[in-house]
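Structure, as structure tokens:
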Amino acid sequence: MPAVEATTPAIRKTALHPVHRQMGAKMVEFNGWEMPVEYPSAGGIVAEHNAVRTGVGIFDVSHMGDIRLAGPQALAAVQHFSMNDASRLAIGQAQYSALLYPEGTFVDDVVVHRLGEEEYLLVINAGTREKDFSWVSEHTRQFNCEVENLSDEFAQIAIQGSKAVNLLQKLTDADLSAVKFYWVTRGTVCGLKNTLIARTGYTGEDGFEIYIPSDEPTSARVWNEILQAGKEFGVLPCGLGARNTLRLEAKLPLYGHEISDTINVWEAGLDRFCKMEKPDFIGRAPLEKARAEGTKRTLVGLEMTDRGIARDFYKVLDPAGREIGYVTSGSPAPFLKKNIALAYVPPEFAALDTDLKVEIRGQGVKARVVPTPFYKKPKKT
Amino acid sequence: MPFPTDYKYTKEHEWIKADGKNATIGITSYAQESLGDLVFVDLPKPGAEITSGKTFGSVESVKAVSDLYAPVSGTVTEVNGELATAPEKINKDAHSAWMVKITMKDPTELNSLLSASDYEKFVAEEGGR
């Protein structure tokens, strides 16, 4: 017997797990969580994706982690371990940011919410919950600030699409029209007082994420009340399948794909969320150096111009068939009805309209560099 | 889930319907259901040789790629071209949306495949994992 046995951690389930089962969802393992990938009886991935693009869909995102920081030096701590400038946040405002390793690569990406004068909420990825919490705890130690892992306290439901505001407004006393994108408010939702409501999401659409108590009866009740209230808007329950295709069309990064512990901020094209002019932060020095040296690869959008679907981690070839990079995320795009991909290639192949190939089962299949995001939500008229 | 009794089946979820030396191949309703909405089908060209147990093409849903395995060896005589533009026909009626027609090399290979009832038992076990 080996001295150290590999232990398989028990697969985790969200409070809404029984509801997904009841709705006939197809369940898959995702980063240690058993999650719905699609709800075939509600229409499946394509219908779910398009419901969000044209109306509204709801997602169980309770697997996301939540870290609360509070104390006189909470801002200083956040500034130290994240790359965006949290000092610009007003109370009630949120920003996309990332935790970086000292090498300038990604621990994780994160949404930082400023909830109070000295209080911040970080929303982190499911697969990196434990790693992120340790990282944040360790790098907060030198500051006068409490760190609390609230990941298991909340069930989190995302209500996404242009009709999300109409749907959620039926269930809350908070004036949602007064909440701008990437701002938060509190209000009574489905009878739950003081519920945190954030106008955020991961779909490229307008939408909200609500944070409710993680007990099964409460979360099931809220989920069902949202579906009921959304009937007039054609709401569909949506799984991780649609969540992935929606975020890909909108070019929103996924940890382990577009960003990882071997990819830096410049390569990922996340410059505008990295504030080099703010006081020093973890990862800043190597980023400074990397910027001076120039990037060796860059993230581009590809559209397949021949028959074939690029998939995650397929090779990217130059027209002569030489391997030059790889696909980070690739899929049919259900709303755009194209086969699209994000890929890392050297800068000399990154210009728009460059013809490249993706290796699909041994064959080089033609693809072209196209503008990103592939999908942009229509401007309100 | 009814599986036609005049078809034979593989554990990789293909069906084959034989008629003398000729045979028609597709995927089962169980396969299409587990894959979800199909968006892409990649099939060999007429004249291609396929080999028992080896891949001869693939089907893809939004989420997944799945290889197609030849139930028996043979030569492709006809390909269902309709599926290139309408792969959803497989979701609608997998047991009639055929993929390729072949001339079998050795029809006795059929004997090692699953009957409808054996296949039904097999998927019941697989589904209940």
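Top line first, the protein sequences correspond to chains A and B. Numbering-wise, this note's numbering puts 94 at position 90 of the first sequence, and it's gapless, one number per residue. Numbering-wise, this note's numbering puts 115 at position 114 of the second sequence, and it's gapless, one number per residue. Note that CB positions come from ideal geometry on N, CA and C, so glycine has one too.
Closest by C-alpha distance to residue i, when choosing among the options
i, options, result
"Ser-181(A)", "Pro-290(A), Val-23(A), Ser-166(A)", "Ser-166(A)"
"Leu-84(B)", "Lys-93(B), Thr-78(B), Thr-76(B)", "Lys-93(B)"
"Tyr-215(A)", "Leu-346(A), Met-87(A), Val-127(A), Met-39(A)", "Val-127(A)"
"Ala-19(B)", "Glu-50(B), Asp-107(B), Val-60(B), Asp-68(B)", "Asp-107(B)"
"Pro-5(B)", "Asn-23(B), Gly-27(B), Asp-43(B)", "Gly-27(B)"
"Ser-35(B)", "Ala-95(B), Val-101(B), Ser-113(B), Gly-54(B)", "Ala-95(B)"
"Gly-329(A)", "Ala-337(A), Leu-346(A), Lys-342(A), Leu-340(A)", "Leu-346(A)"
"Val-41(A)", "Gly-243(A), Trp-187(A), Val-65(A), Ile-71(A)", "Gly-243(A)"
"Gln-33(B)", "Pro-72(B), Gly-21(B), Ser-62(B), Glu-127(B)", "Ser-62(B)"
"Glu-307(A)", "Pro-336(A), Val-32(A), Ser-66(A), Asn-198(A)", "Pro-336(A)"
"Cys-278(A)", "Ile-62(A), Lys-30(A), Gln-99(A), Thr-18(A)", "Gln-99(A)"
"Phe-212(A)", "Thr-144(A), Val-188(A), Gln-232(A), Ile-49(A)", "Val-188(A)"
"Asp-310(A)", "Ala-294(A), Ile-62(A), Glu-253(A), Gly-368(A)", "Gly-368(A)"
"Asn-148(A)", "Gly-205(A), Lys-17(A), Val-82(A)", "Val-82(A)"
"Leu-303(A)", "Lys-293(A), Val-320(A), Glu-297(A)", "Val-320(A)"
"Arg-16(A)", "Lys-30(A), Gly-36(A), Pro-22(A), Gly-28(A)", "Gly-36(A)"
"Phe-85(A)", "Glu-281(A), Lys-300(A), Phe-285(A)", "Phe-285(A)"
"Ser-45(A)", "Gly-37(B), Val-42(B), Asp-43(B)", "Gly-37(B)"
"Val-73(A)", "Leu-119(A), Met-39(A), Ile-230(A)", "Just to set this straight, residue 73(A) is Leu in the shown sequence, not Val. Comparing Cα positions, the closest option is Leu-119(A)."
"Arg-133(A)", "Ala-168(A), Gly-61(A), Leu-93(A), Phe-34(A)", "Phe-34(A)"
"Ile-95(A)", "Tyr-259(A), Ala-202(A), Pro-351(A), Tyr-348(A)", "Ala-202(A)"
"Val-115(A)", "Ala-90(A), Val-32(A), Ser-66(A)", "Ala-90(A)"
"Gly-59(A)", "Val-65(A), Ala-51(A), Lys-282(A)", "Ala-51(A)"
"Leu-20(A)", "Phe-317(A), Thr-204(A), Asp-64(A)", "Asp-64(A)"
"Glu-127(B)", "Gly-75(B), Tyr-31(B), Ser-97(B)", "Tyr-31(B)"
"Gly-245(A)", "Gln-26(A), Thr-18(A), Ala-14(A), Tyr-43(A)", "Tyr-43(A)"
"Asp-177(A)", "Lys-184(A), Gly-191(A), Val-183(A), Tyr-186(A)", "Gly-191(A)"
"Leu-44(B)", "Ser-97(B), Thr-86(B), Thr-109(B), Phe-123(B)", "Thr-86(B)"
"Val-80(B)", "Ala-65(B), Lys-64(B), Met-100(B), Ile-91(B)", "Met-100(B)"
"Ser-66(A)", "Gly-47(A), Gly-28(A), Gln-97(A), His-24(A)", "His-24(A)"
"Ala-14(A)", "Ala-29(A), Glu-38(A), Met-27(A)", "Glu-38(A)"
Contact list for residue i against chain A, beta-carbon separation under 7 angstroms
i, result
"Asp-119(B)", "None at all; the shortest Cβ gap to chain A is about 25 angstroms."
"Glu-13(B)", "Those do not exist, as Glu-13(B) stays about 16 angstroms from chain A at its closest Cβ, beyond 7 angstroms."
"Val-40(B)", "Pro-336"
8 angstroms Cβ cut-off: residues of chain B touching residue i
i, result
"Arg-315(A)", "Val-66"
"Pro-44(A)", "Glu-34, Gly-37"
"Ile-49(A)", "Gly-37, Asp-38, Ser-62, Val-63, Lys-64"
"Gly-260(A)", "Correct list: empty, because the minimum Cβ distance to chain B is about 16 angstroms."
"Gly-245(A)", "Gly-37, Val-63, Lys-64"
Cβ separation of residue i and residue j, assumed to be a contact under 8 angstroms, to the nearest whole Å
i, j, result
"Gln-160(A)", "Thr-207(A)", "In fact, because the Cβ distance is near 14 angstroms, the residues do not count as touching under 8 angstroms."
"Cys-194(A)", "Leu-175(A)", "5 angstroms"
"Leu-291(A)", "Asn-268(A)", "6 angstroms"
"Pro-377(A)", "Asn-54(A)", "In fact, because the Cβ distance is near 17 angstroms, the residues do not count as touching under 8 angstroms."
"Asn-129(A)", "Met-87(A)", "Not confirmed; about 16 angstroms, so no contact."
"Gly-54(B)", "Tyr-70(B)", "6 angstroms"
"Gly-305(A)", "Asn-343(A)", "Contact flag wrong, Cβ pair sits at about 12 angstroms."
"Phe-158(A)", "Ser-218(A)", "6 angstroms"
"Asp-70(A)", "Ser-155(A)", "5 angstroms"
"Glu-220(A)", "Pro-22(A)", "6 angstroms"
"Leu-111(B)", "Val-73(B)", "6 angstroms"
"Pro-88(B)", "Val-40(B)", "6 angstroms"
"Thr-104(B)", "Gly-75(B)", "5 angstroms"
Proximal chain A residues relative to residue i, where beta-carbon distance stays under 8 angstroms
i, result
"Val-124(B)", "Going along chain A, no residue has its Cβ under 8 angstroms from Val-124(B), so there is no contact; the nearest lies around 15 angstroms."
Proximal residues of chain B, C-beta to C-beta of residue i below 9 angstroms
i, result
"Ser-181(A)", "Under the 9 angstroms cutoff, chain B gives no residues; its nearest Cβ is about 34 angstroms from Ser-181(A)."
"Arg-365(A)", "Asp-43, Thr-56, Ser-59, Val-66, Asp-68"
"Ser-141(A)", "Here the premise fails: no neighbours, minimum Cβ distance about 35 angstroms."
Beta-carbon neighbours of residue i, restricted to chain B and to distances below 7 angstroms
i, result
"Thr-249(A)", "Val-63"
"Val-331(A)", "Those within 7 angstroms of Val-331(A) in chain B number zero; the least Cβ separation is about 13 angstroms."
"Arg-190(A)", "Those within 7 angstroms of Arg-190(A) in chain B number zero; the least Cβ separation is about 36 angstroms."
"Val-41(A)", "Lys-64"
Give a yes or no on contact between the region 105 to 119 of chain B and the region 2 to 10 of chain B, applying the rule of three or more CB pairs nearer than 8 angstroms. Yes: the two stretches touch, three or more of their Cβ pairs being nearer than 8 angstroms.
Would you list, in sequence order, the uninterrupted alpha helix (DSSP H) runs of no fewer than 4 residues that lie entirely inside the region 214 to 289 of chain A? List check, alpha helix (DSSP H) in window: 220 to 233, 244 to 253, 269 to 272.
For the pair the region 103 to 119 of chain A and the region 263 to 276 of chain A, tell me if three or more CB-CB distances fall below 8 angstroms. The region 103 to 119 of chain A, when compared against the region 263 to 276 of chain A, does touch it at the 8 angstroms Cβ threshold.
Which ranges would you report for the alpha helix (DSSP H) in the region 27 to 68 of chain A if only whole runs of at least 4 residues count? Counting whole runs of 4 or more residues, the region 27 to 68 of chain A contains the alpha helix (DSSP H) stretches 48 to 58.
Does the region 123 to 140 of chain A come close enough to the region 74 to 81 of chain A that 3 or more CB-CB pairs lie under 8 angstroms? By the Cβ rule, the region 74 to 81 of chain A counts as touching the region 123 to 140 of chain A, because three or more pairs are nearer than 8 angstroms.
Length-filtered (3 minimum) beta strand (DSSP E) runs lying within the region 104 to 155 of chain A: Counting only runs of 3 or more, we get 110 to 120, 123 to 128, 150 to 153.
Counting pairs of beta carbons, one from the region 127 to 147 of chain A and one from the region 217 to 232 of chain A, are three or more of them closer than 8 angstroms? Touching, no, given that fewer than three Cβ pairs across the two stretches are closer than 8 angstroms.
What are the start and end residues of each continuous beta strand (DSSP E) run of 3 or more residues lying completely inside the region 71 to 105 of chain A, in chain order? Within the region 71 to 105 of chain A, the beta strand (DSSP E) runs of at least 3 residues that lie entirely inside it are, in chain order, 98 to 104.
Complete alpha helix (DSSP H) runs within the region 11 to 59 of chain B (minimum length 4 residues, chain order): Here the runs fully enclosed are 30 to 36.
Could I get the ranges of all uninterrupted beta strand (DSSP E) runs contained in the region 281 to 341 of chain A, with 3 residues as the minimum, in chain order? Fully enclosed beta strand (DSSP E) runs of 3 or longer: 302 to 308, 319 to 321, 327 to 337.
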